[in-house]
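Engineer: Residues in the sequence shown are numbered from 24 upward in steps of one, following our numbering.
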Amino acid sequence: MDVPKNIFKKHQAQTFPFPSCIEIESANGSYITDINGKQYLDFVAGVSACTLGHSNSIIIDAVKEQLDKYTHVMVYGEYIQPPQYKLAQLLADNLPGNLSTTYFVNSGAEAIEGAMKLAKRATGCSEIISCRDSYHGSTQGALSIMGNEEHKAKYRPLLPNCNQIIYNDVESLLNITKQTAAVVIEPIQGGTGFVSPKNNFLQKVREKCNETQTLLIFDEIQTCFGRLGTLFGFEKYNVIPDILCIAKGMGGGMPIGAFISSWELMNLLTFEPKLGHITTFGGHPVNCAASLATLEYLLSANTMKEVEQKEQLFRTHLHHQKIKEIRGSGLMLCIEFENEELAKEVVEESLEKGLILFYFLFTKTAIRITPPLIISEKEIIEGCNIIKGILEA
Ligand SMILES: Cc1ncc(COP(=O)(O)O)c(C=O)c1O
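1) Counting beta carbon pairs with one atom in the region 176–192 and one in the region 144–163, are three or more of them shorter than 8 Å?
2) Taking 8 Å as the cut-off, is the C-beta of E209 nearer than that to any heavy atom in ligand 1?
3) Could you pull out every residue in the same chain whose Cβ sits closer than 8 Å to the Cβ of T56, ignoring the five residues on either side in sequence?
4) If you drop the 5 nearest sequence neighbours on each side, which residues of the same chain put their C-beta closer than 6 Å to that of G256?
5) For I409, which option in H342, S352 and L239 has the closest C-alpha, if you only look at C-alpha atoms?
6) Quick one: which unbroken alpha helix (DSSP H) runs of 4-plus residues sit fully inside the region 356–395? Chain order, please.
7) Use the C-beta contact count for M97: other C-beta atoms within 10 angstroms, 16 or more gives buried, fewer gives exposed.
8) Please report the residue range of the alpha helix (DSSP H) in which C247 lies.
9) For the pair the region 195–211 and the region 138–147, tell me if three or more CB-CB distances fall below 8 Å.
10) Could you pull the DSSP bridge partners for T56 from this structure?
11) Using the beta-carbon count (16 or more within 10 Å), is E334 buried or exposed?
12) Taking 8 Å as the cut-off, is the CB of C44 close to at least one heavy atom of ligand 1?
13) Is Y158 near ligand 1, in the sense that its beta carbon is under 8 Å from a heavy atom of that ligand?
14) In whole angstroms, give me the CA-to-CA distance for L380 and E405.
15) Within the present structure, is the beta-carbon of I168 separated from the nearest heavy atom of ligand 3 by less than 8 Å?
16) Please classify F385: is it buried, with 16 or more other beta-carbons within 10 angstroms of its beta-carbon, or exposed?
17) Can you tell me which of I81, N59, K109 and I58 puts its alpha carbon nearest to the alpha carbon of G52?
18) Out of Q212, S352 and C311, which has the shortest C-alpha to C-alpha gap to K259?
19) How far does the beta strand (DSSP E) with N186 in it reach, from first residue to last?
20) Tell me where the beta strand (DSSP E) around Y126 begins and ends.
21) Kindly list the residues whose CB is nearer than 8 Å to the CB of T94, restricted to its own chain and excluding five residues on each side of it in sequence; keep chain order.
22) Need the endpoints of the alpha helix (DSSP H) that S149 sits in, please.
23) May I ask you to check if the CB of K401 is nearer than 8 Å to at least one heavy atom of ligand 1?
24) Once the 5 residues before and after R179 are set aside, which same chain residues still bring their CB inside 6 Å of it?
25) Could you tell me which whole beta strand (DSSP E) segments of length 3 or greater appear in the region 263–295?
26) Quick check on the burial criterion: 16 or more other C-beta atoms within 10 angstroms. Buried or exposed for R338?
27) So, do the region 193–203 and the region 228–239 have three or more beta carbon pairs nearer to each other than 8 Å?
28) Hey, quick one: how far does the beta strand (DSSP E) through T203 stretch, first residue to last?
29) Applying the 10 Å Cβ sphere with the 16-neighbour rule, what's the burial state of V26?
30) For G275, which residues in the same chain have their Cβ closer than 6 Å to its Cβ, ignoring the five residues on either side in sequence?
31) Check the DSSP bridge columns for L239 and list the partner residues they point to.
32) Given this structure, state the Cα-to-Cα distance separating H34 from W286, to the nearest angstrom.
33) Using a threshold of 8 Å, is the CB atom of V70 nearer than that to any non-hydrogen atom of ligand 1?
34) Excluding sequence positions up to five away, which residues of its chain have a Cβ less than 8 Å from the Cβ of I301?
35) Alpha carbon to alpha carbon, how far is S78 from I397? Give it in angstroms, no decimals.
36) Could you tell me which of T388, N184 and K143 sits nearest to I266, measuring between CA atoms?
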């Protein structure tokens, strides 16, 4: 008889040859439990998605309350649904005036797709510039602006007129011209192992975009909803984009994304032709309810204020001669090792010892730490001790 692992491997499409295959029973707070009762401390949070931890009662209650009322009632944008408009209002209340209007979608990649379309529509230009080594999603538009040829080559032809600058390289900003519809950039570059902006790079990108009347799109799919200790990453770097893309952590574990801009820009999608961007399930009321609960919690609790202190705790407790560097910011940290073997060994042995870590898309010598924001100091120390124990051995 087929065991679940065989069914999983045979009937569920696989993305990676060696999935960890933990068979999940339940998840709570910072822990995931498998069917044998083994508990794993989760330093990954579904890749920056489970902002308030697993099975947080605040989110579960919001979801249940919405489920009892209605689920999907109509394609996005037709009916007035409280979870959607309340979330849009609360986002607007906590964003600068030019980011007043939210279009809800289902994922990060979709947010990027919508933002790229909006930028083309608004400027009448088609060139989109992104950064070398960036990742913005796996759909074809998002893939077209991904900054890594290895992952793109077999899917060409992709969108024309997608060009690149180099993150943190001011000279490469000369590639941004009046023909550029938009520059898409992550405030902290994810795929290469959480590379932060240096020497006011983001400000310089903003200035160049102002000069060429190019729209600046921030991909905050991973940095949004408190991960850096501020609600959005741009607050930390004092640069306001024209279009903001968010997803992952905004759903508190439920699937939702959004692109946000001014009412004037967004309104372009309503006319000539009408229905400029449409989605059936975008802004699903249950997911909006989960996101609204997450946002309300973040705005009222101390969670975001504690992020910096927790980052320091990680940095202190991960001090080790075999760790070359700790990059990133807030609870978006990258541990860089001497080589790929050591990074792999740490991830695999940690799993055995009950600690979940994960890799990066492009950098093989590093591992990611993106725990739930509600992780406790005790849990941070517990996980760091597991990592250090492996390095000692
Ligand atoms: C920076 C960034 N942009 C876009 C995406 C794509 O998001 P999704 O997987 O929800 O489509 C991701 C996902 O990892 C991401 O990290």
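The C-beta atom is built at its ideal place from N, Cα and C for all residues, glycine as well.
Structural biologist: The structure says:
1) yes
2) yes
3) I47, E48, S49, A50, Q62 and Y63
4) P210, E243 and T246
5) H342
6) 363–375
7) exposed
8) No alpha helix (DSSP H) contains C247, which DSSP labels as neither H nor E.
9) yes
10) S49 and Q62
11) buried
12) no
13) yes
14) 13 Å
15) No copy of ligand 3 appears in this structure; the ligands present are ligand 1.
16) buried
17) I81
18) S352
19) C185 to I188
20) T124 to V128
21) H307, P308 and V309
22) Taken as a continuous stretch (DSSP letters only), S149 belongs to no alpha helix (DSSP H), as it is neither H nor E.
23) no
24) none
25) 266–269 and 280–284
26) exposed
27) yes
28) T203 to I208
29) exposed
30) T74, L75, I82, A313 and T317
31) V206
32) 44 Å
33) yes
34) V98, Y99 and G100
35) 12 Å
36) K143
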